[in-house]
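*Asks:* Numbering of the sequence shown is given in my numbering, commencing with residue 314 and proceeding in unit increments.
Glycine included, C-beta positions come from ideal geometry on N, C-alpha and C.
Got a structure here, written out as structure tokens. Questions coming.
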Amino acid sequence: MTSPYSPDRSGQVEQTSIGELIGNISDDLSQLFRQEVELAKAEIKQEAAKAGKAAGMLGGAGFAGYLAVVLLSFAVVFGLDAIMPLGWAALIVAVVWAVIGAVLYASGRKKLKTVDPMPRRTVDTLKEDARWLKNPTS
């Protein structure tokens with residue numbers, strides 16, 4: 314017994330030509346491909362945002378480091394000038410700021426390594442699609 318909401322299509326299936334079936338499959342594959350491309354775009358956009366944030370942190374760390382080096386270095390150098398020659402005071406301050414810069418660089422580089430440029434979900438769904446195309450009955 315057929316429901317009034319789902320028409321009986323048994324006669325329609327028998328009348329469907331091979332050309333129409335191939336056309337339907339082609340349309341479905343085109344739609345699937347477009348959806349996969351959209352998913353890849355979304356994933357890449359998300360990863361690019363993460364990369365942008367990491368780059369912003371590195372840039373901010375560099376700028377803050379620059380300002381700190383310029384302003385605090387002068388103050389510390391002149392403070393140390395009271396107990397040692399000016400040249401040695403400047404060298405000590407420069408070494409301290411070099412260590413701080415290295416720590417900031419390592420931290421930013423570590424964050425940047427968490428960025429994954431590969432759209433993993435898209436790759437997974439494409440693999441599923443390929444498996445389905447090879448064996449559509451499973």
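Tell me whether threonine 435 sits in a helix, a strand or coil according to DSSP, three-state version.
*Replies:* The answer is helix: DSSP assigns threonine 435 an H, G or I state.
*Asks:* Under the three-state reduction of DSSP, which class applies to aspartate 394: helix, strand or coil?
*Replies:* Looking at aspartate 394 - three-state DSSP - the assignment turns out to be coil, as it is neither helix nor strand.
*Asks:* When burial is assigned at 16 or more other CB atoms within 10 Å of the CB, is threonine 427 buried or exposed?
*Replies:* Exposed.
*Asks:* Below 8 Å between beta carbons: does that hold for valine 390 and valine 406?
*Replies:* Yes; because the gap between Cβ atoms is below 8 Å, this pair is in contact.
*Asks:* Specify whether the segment 439 to 450 and the segment 356 to 365 touch according to this definition: at least 3 beta carbon pairs, one from each stretch, less than 8 Å apart.
*Replies:* The segment 439 to 450 is not in contact with the segment 356 to 365.
*Asks:* Could you pull out every residue in the same chain whose Cβ sits closer than 7 Å to the Cβ of alanine 374, ignoring the five residues on either side in sequence?
*Replies:* Here the set comprises Leu417 and Gly421.
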